[in-house]
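Visitor: Below is a structure I'd like to ask you about.
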Amino acid sequence: MYIKGVGMTKFDYSEKAWWQFAYEAAIDALQDAKMNISQIDAIIFTGMSSASGGEHQTHKVSFLSELFKTNVPIIETPSVCGGGGVALYTALHLSGFNNVLVLSGEKIVDNKSEVVTDYILSAAERAIEQEEGMLFPAQNALVWQNYSRKYGATLDDLSLIAYKNHEFAALNPKAYFYNKFFDLEKIKNSPEVASPFRLMDCSLSVNGGAAVIVSKEKTDVEVIGSGFATDHILTFEREDLTHFKATKLAAEKAFTEAKITPKDIDVAEIHDAFTSVELFSYEDLGFAEEGKGAELIRSGKISKGGEMPINPSGGLKAKGHPISVTGLAQVYEIVNQLRGKCEERQVKDASTGLTHNIGGAGGSVTVHIFKKVNN
Amino acid sequence: MSFYECDKCKRTWQHPIQICPYCLSSLNKVKSNKVKVFAVSKINIPTLKHPNVPYYALILEDENGHKWAQKSFKEYNVNDEIEFEKDENAVAIVKTKYDLLDATSTVIEHLGGLKASNVLIIPDLSSPDHAYLKENTSSQFLGAIIDYLLKNNIKDIKVACQSFNEIPVEFSAQKSGLLDVCTKRGIIPFDLAKTNFVQKGNLEISEEVLNADLVLNLAMCKIGKAEASLNLFKILKKENYSSLKYLSSEKEIISELVTALPNIISIGEAETVQRSDRVSTYLGIILASKNAQKIDRVFNEIVEASKLPELTEDVDLNDIKTIGRDIKEVKYKAELY
Chain H
1 MYIKGVGMTK FDYSEKAWWQ FAYEAAIDAL QDAKMNISQI DAIIFTGMSS
51 ASGGEHQTHK VSFLSELFKT NVPIIETPSV CGGGGVALYT ALHLSGFNNV
101 LVLSGEKIVD NKSEVVTDYI LSAAERAIEQ EEGMLFPAQN ALVWQNYSRK
151 YGATLDDLSL IAYKNHEFAA LNPKAYFYNK FFDLEKIKNS PEVASPFRLM
201 DCSLSVNGGA AVIVSKEKTD VEVIGSGFAT DHILTFERED LTHFKATKLA
251 AEKAFTEAKI TPKDIDVAEI HDAFTSVELF SYEDLGFAEE GKGAELIRSG
301 KISKGGEMPI NPSGGLKAKG HPISVTGLAQ VYEIVNQLRG KCEERQVKDA
351 STGLTHNIGG AGGSVTVHIF KKVNN
Chain S
1 MSFYECDKCK RTWQHPIQIC PYCLSSLNKV KSNKVKVFAV SKINIPTLKH
51 PNVPYYALIL EDENGHKWAQ KSFKEYNVND EIEFEKDENA VAIVKTKYDL
101 LDATSTVIEH LGGLKASNVL IIPDLSSPDH AYLKENTSSQ FLGAIIDYLL
151 KNNIKDIKVA CQSFNEIPVE FSAQKSGLLD VCTKRGIIPF DLAKTNFVQK
201 GNLEISEEVL NADLVLNLAM CKIGKAEASL NLFKILKKEN YSSLKYLSSE
251 KEIISELVTA LPNIISIGEA ETVQRSDRVS TYLGIILASK NAQKIDRVFN
301 EIVEASKLPE LTEDVDLNDI KTIGRDIKEV KYKAELY
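Same order as they appear, the protein sequences are chains H and S. One point on numbering: in our numbering, the residue at position 106 of the first sequence is 106, and numbering is uninterrupted. One point on numbering: in our numbering, the residue at position 326 of the second sequence is 326, and numbering is uninterrupted.
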């Protein structure tokens, strides 16, 4: 399957409804593909809806039918932060459609942070995790503690990841932190959120929309690998408390299908909901050996101007993380990297790219591999 | 903490499921005996559900390597051991986590267990409403209590209640599902109003109550109400209660009642609780104590009731020891949601 068009809104706190973000992204993708909605024969939508005080729409497929004045099949595939990747995976594995619009729009930040954080916590198990105050920063901080105890990586390594992603986001006009620069000391000295995580180890919840048009027709970007794996919602019941098994499984599938190895990847968008997740995902995705993720960030190979830049969009950390939209925004970045359209943050000669999207604390993970098609 | 294990496949669940989806065998319940702290994170960001910070997100681990999450306001270090507390004079607080039988068993163990060969259960039956409205003791909870007694070889179990309004108690028992729960377990519930009453001081108490080794007073906790105490009045003759109320305060009546009946355990059902506007909200706990007023006081503290019920006004929270979970850990301003 091929990518015919991609679209994305600016990630910010603008006062728009979820569907306005989605609509804007869809039009952007249609314009990119030089298509109109009548040429779309199915839509896959993913979204978490709004936090309290906003619009909680539970029949989005019909809402979208109204917006697009279409009667084609519209399927909703919610999977919280991993929704975008799951929607893409679904589109790629559907048969019988020529052009599928994969779409997401979220207005998740519409209230004070206590409300938004509580709403996002609905992605954790209710009686066993939510009620025990196991916020996602806490879950990930506890996984990180195990990782760092076992492999010796430090908070300074995580600071380098935050610094790298902010450096990229400053060059991305669609990123929340566009044109905003953070020095390393400011990152290191940010306040503690969930020990040992500091504020700058956490991604930023924002609003936004993104869209991808998947097509059977040959275009300039082909999807050559697609993997999806799930894992138990109870993070601490899993066998391995230092990595996300679902990332390893999804990556194995995607690389096997693509018939390439991690060494063949030129650019990647990794799900850095927390800096620690980016670090151990280097290993889960095969970019570093087990326990050697910190060496990779220290080496500079994945930073701006490095051999294989990771998160040139700024990642969830600094571009922003509008929950379900994120997985599709990653595709937007990789497709534009392969097309050579990323200007100041362009990865030189990028021809193969990867996206890695996670729902919850490693509960649903997709990995997709894209290749530039030379006509 | 309980886990559900498949002997054949060696898989473990925290959720109370009965059948292994791999080999379709029945699962065994495995209880944790030794519990230690595996990891700790100090949380500094408030959320609606957890507004008081800092608190500690603990990962606990038992002797079998099973791990689970627990909130705490007490600071622990990795490898600290956590003891299972027992105190018959305390108010025990336990999280239900989908398994009312397990929660019932744990909350009673916190009070030192049961020593009785015949037990009278007094469910809370206020009106002929479905269980989800949280007016009455839920059928699941009553079922769990009876199953717990049967599991502990207590075969002589009676279930009885009484209506203090014009609606016959049978109507409420049927609509709430309590009648069905009892009959499925071979118990025929009865109306306490139709029993003999014995004079004890100013009180006329049902003979069935006085003949029981133990009375289990089941209260459906409601915000701003003293449901455990109020349900206890149902063991009195209706006319006796009406005249006592005319002459004395409810505080005086309950005080005399407790003195007359030493063998009572009150259990407050608070998995989902009713707010003052009758909307119900999830709380996920049960409470137990030998003192109904203490349960009512602790419950209303947990939900941050805007006004304490009169029956609990004189109950000093500082005089109450809580075990199992701390009040702060389970606090939830339920009227907000």
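For glycine and all other residues, C-beta sits at the position ideal for the given N, C-alpha and C.
Cα-Cα, which of H:114, H:342, H:375, H:60 is closest to residue 169 of chain H?
Guide: Within the first sequence, residue 169 of chain H is the residue found at index 169, counting from 1. Nearest of H:114, H:342, H:375, H:60 to residue 169 of chain H, Cα basis: H:342.
Visitor: Let me know if residue 254 of chain S comes out buried or exposed under the rule of 16 or more other beta-carbons within 10 Å of its beta-carbon.
Guide: The residue you call residue 254 of chain S lines up with position 254 of the second sequence. Buried: at least 16 other Cβ atoms inside 10 Å.
Visitor: Distance cutoff 8 Å, beta carbons only. Does residue 236 of chain H sit that close to anything in chain S?
Guide: Indexing the first sequence from 1 puts residue 236 of chain H at position 236. Yes, contact with chain S.
Visitor: Report yes or no: is there a C-beta of chain H within less than 8 Å of the C-beta of residue 39 of chain S?
Guide: Sequence index remark: in the second sequence, residue 39 of chain S carries index 39 (1-based). Closer than 8 Å: yes.
Visitor: Given 8 Å as the limit, is there contact between the region 358-374 of chain H and the region 219-237 of chain H, that is, 3 or more CB pairs closer than that?
Guide: Because the criterion of three Cβ pairs below 8 Å is met, the region 358-374 of chain H and the region 219-237 of chain H touch.
Visitor: Are the Cβ atoms of residue 347 of chain S and residue 219 of chain S separated by less than 8 Å?
Guide: Nothing in the structure corresponds to residue 347 of chain S, since chain S is present only between 1 and 337.
Visitor: When you compare each of S:162, S:217, S:167 to residue 190 of chain S by their alpha carbons, which one comes out closest?
Guide: Translated into the one-based positions of the second sequence, residue 190 of chain S becomes position 190. Taking only the C-alpha atoms, the option nearest residue 190 of chain S is S:162.
Visitor: Residue 176 of chain S and residue 100 of chain S look like a contact to me (Cβ under 8 Å); what is the Cβ gap, rounded to whole Å?
Guide: Reading the second sequence from its first residue, position 176 is the one you call residue 176 of chain S. Reading the second sequence from its first residue, position 100 is the one you call residue 100 of chain S. Incorrect: roughly 15 Å between the Cβ atoms, too far for contact.
Visitor: Determine whether the Cβ of residue 357 of chain S lies closer than 8 Å to any Cβ atom of chain H.
Guide: Because chain S is modelled from 1 through 337, residue 357 of chain S falls outside the range shown and cannot be assessed.
Visitor: Look up residue 220 of chain S in the DSSP assignment and say whether it is helix, strand or coil.
Guide: Numbered from its first residue, the second sequence carries residue 220 of chain S at position 220. Here residue 220 of chain S sits in strand by DSSP.
Visitor: If you follow the alpha helix (DSSP H) that residue 179 of chain S is part of, which residue opens it and which one closes it?
Guide: Taking the second sequence and counting its residues from 1, the one referred to as residue 179 of chain S is at position 179. Its alpha helix (DSSP H) spans residues 178-184.
Visitor: Would you mind stating whether residue 211 of chain H and residue 316 of chain H have Cβ atoms separated by less than 8 Å?
Guide: As a first step, residue 211 of chain H is located in the first sequence; it is residue number 211 there, counting from the start. As a first step, residue 316 of chain H is located in the first sequence; it is residue number 316 there, counting from the start. Taking 8 Å as the Cβ cut-off, residue 211 of chain H and residue 316 of chain H do not qualify as a contacting pair.
Visitor: Are the beta-carbon atoms of residue 106 of chain S and residue 148 of chain S separated by less than 8 Å?
Guide: Counting from one through the second sequence, the residue named residue 106 of chain S turns up at place 106. Counting from one through the second sequence, the residue named residue 148 of chain S turns up at place 148. No, the pair does not count as a contact, with Cβ atoms beyond the cut-off.
Visitor: Beta carbons nearer than 8 Å to chain H: which residues of the region 47-59 of chain S have them?
Guide: Going along the region 47-59 of chain S in chain order, one finds 47, 48, 49, 50, 51, 55, 57, 59 with a Cβ nearer than 8 Å to chain H.
Visitor: By how many angstroms is the C-alpha of residue 21 of chain H removed from the C-alpha of residue 319 of chain S?
Guide: Walking along the second sequence from the start, residue 319 of chain S turns up at place 319. Walking along the first sequence from the start, residue 21 of chain H turns up at place 21. Cα to Cα, the separation comes out at about 56 Å.
Visitor: Between H:107, H:91, H:262, H:98, which has its C-alpha nearest residue 15 of chain H's C-alpha?
Guide: In the first sequence, residue 15 of chain H corresponds to position 15, counting from 1. The candidate whose alpha carbon is nearest that of residue 15 of chain H is H:107.
Visitor: Can you round the beta-carbon distance between residue 7 of chain H and residue 28 of chain H to whole angstroms, since I take them to be within the 8 Å contact cut?
Guide: The residue given as residue 7 of chain H occupies position 7 in the first sequence. The residue given as residue 28 of chain H occupies position 28 in the first sequence. The pair is a contact, with the Cβ atoms about 3 Å apart (cut-off 8 Å).
Visitor: Thinking just about the alpha-carbon of each residue, which of H:194, H:163, H:112 is nearest to the one in residue 180 of chain H?
Guide: As a position in the first sequence, residue 180 of chain H is number 180, starting the count at 1. Ranking H:194, H:163, H:112 by Cα distance to residue 180 of chain H puts H:163 first.
Visitor: If you pair each beta-carbon of the region 39-49 of chain S with each one of the region 182-195 of chain H, do three or more pairs fall below 8 Å?
Guide: Yes, since at least three Cβ pairs between the region 39-49 of chain S and the region 182-195 of chain H fall closer than 8 Å, the two stretches touch.
Visitor: Within a Cβ cutoff of 6 Å, which residues of the same chain sit near residue 22 of chain S, ignoring the five residues on either side of it in sequence?
Guide: Counted from its first residue, the second sequence places residue 22 of chain S at position 22. If we look at residue 22 of chain S and ignore the five residues flanking it on each side, its Cβ neighbours are 9.
Visitor: Below 8 Å between beta carbons is the criterion; list the residues of the region 140-158 of chain H that meet it against any residue of chain S, in chain order.
Guide: Correct list: 141, 142, 145, 146.
Visitor: When burial is assigned at 16 or more other CB atoms within 10 Å of the CB, is residue 150 of chain S buried or exposed?
Guide: Here residue 150 of chain S refers to the residue found at position 150 of the second sequence. That one is exposed.
Visitor: Near residue 235 of chain H, which residues of its chain fall below 6 Å by C-beta distance, leaving aside the five closest residues on each side in sequence?
Guide: As a working mapping, residue 235 of chain H is identified with position 235 in the first sequence. Same-chain partners within the cutoff: 139, 361.
Visitor: Near residue 201 of chain H, which residues of its chain fall below 6 Å by C-beta distance, leaving aside the five closest residues on each side in sequence?
Guide: In the first sequence, counting from the first residue as 1, residue 201 of chain H sits at position 201. Same-chain partners within the cutoff: 158, 274, 275.
Visitor: If you measure beta-carbon to beta-carbon, which residues of the region 269-291 of chain H are closer than 9 Å to chain S?
Guide: The residues in question: there are none.
Visitor: Give the C-beta separation of residue 118 of chain H and residue 322 of chain S to the nearest angstrom, bearing in mind that I take them to be a contact with Cβ-Cβ under 8 Å.
Guide: Working through the first sequence from its first residue, we reach residue 118 of chain H at position 118. Working through the second sequence from its first residue, we reach residue 322 of chain S at position 322. Rounded, the Cβ-Cβ distance is 25 Å, inconsistent with contact.
Visitor: In three-state DSSP terms, what is residue 233 of chain S?
Guide: Taking the second sequence and counting its residues from 1, the one referred to as residue 233 of chain S is at position 233. In the structure shown, residue 233 of chain S sits in a helix (DSSP, three-state: H, G or I).
Visitor: Listed in chain order, which residues of the region 6-22 of chain S have Cβ atoms closer than 9 Å to some Cβ of chain H?
Guide: Per Cβ criterion, the list reads 12, 13, 14, 15.
Visitor: Quick one: residues in its chain with C-beta nearer than 6 Å to the C-beta of residue 369 of chain H, no 5 flanking neighbours on either side, listed in chain order?
Guide: Counting from one through the first sequence, the residue named residue 369 of chain H turns up at place 369. 224, 225, 254, 258, 354, listed in sequence order.
Visitor: For the putative contact between residue 247 of chain H and residue 84 of chain H, defined by C-beta atoms under 8 Å, what is the C-beta separation to the nearest angstrom?
Guide: As a first step, residue 247 of chain H is located in the first sequence; it is residue number 247 there, counting from the start. As a first step, residue 84 of chain H is located in the first sequence; it is residue number 84 there, counting from the start. Not really, about 16 Å apart at Cβ, beyond 8 Å.
Visitor: Cβ of residue 142 of chain H within 8 Å of Cβ of residue 130 of chain H?
Guide: Working through the first sequence from its first residue, we reach residue 142 of chain H at position 142. Working through the first sequence from its first residue, we reach residue 130 of chain H at position 130. Contact flag unset, no.
Visitor: Have a look at S:169, S:187, S:95 and flag the residue whose alpha-carbon is nearest the alpha-carbon of residue 272 of chain S.
Guide: The sequence position of residue 272 of chain S within the second sequence is 272, counting from 1. When each option's Cα is compared against that of residue 272 of chain S, the closest is S:95.
Visitor: Look at the alpha carbon of residue 357 of chain H and the alpha carbon of residue 241 of chain H, and state the distance between them as a whole number of angstroms.
Guide: Position 357 of the first sequence, counting from 1, holds the residue named residue 357 of chain H. Position 241 of the first sequence, counting from 1, holds the residue named residue 241 of chain H. Distance between the alpha carbons of residue 357 of chain H and residue 241 of chain H is about 19 Å.
Visitor: Kindly indicate which three-state DSSP category residue 280 of chain H falls into: helix, strand or coil?
Guide: Here residue 280 of chain H refers to the residue found at position 280 of the first sequence. Three-state DSSP puts residue 280 of chain H in a helix.
Visitor: Count the other CB atoms, across all protein chains shown, that sit within 10 Å of the CB of residue 284 of chain H; report buried if there are 16 or more and exposed otherwise.
Guide: As a first step, residue 284 of chain H is located in the first sequence; it is residue number 284 there, counting from the start. Buried, because 16 or more other Cβ atoms sit within 10 Å of the Cβ of residue 284 of chain H.
Visitor: When the Cα of residue 315 of chain S is compared with those of S:63, S:91, S:332, S:275, which residue comes out closest?
Guide: Against the second sequence, residue 315 of chain S aligns to sequence position 315. Here the closest residue by C-alpha is S:91.
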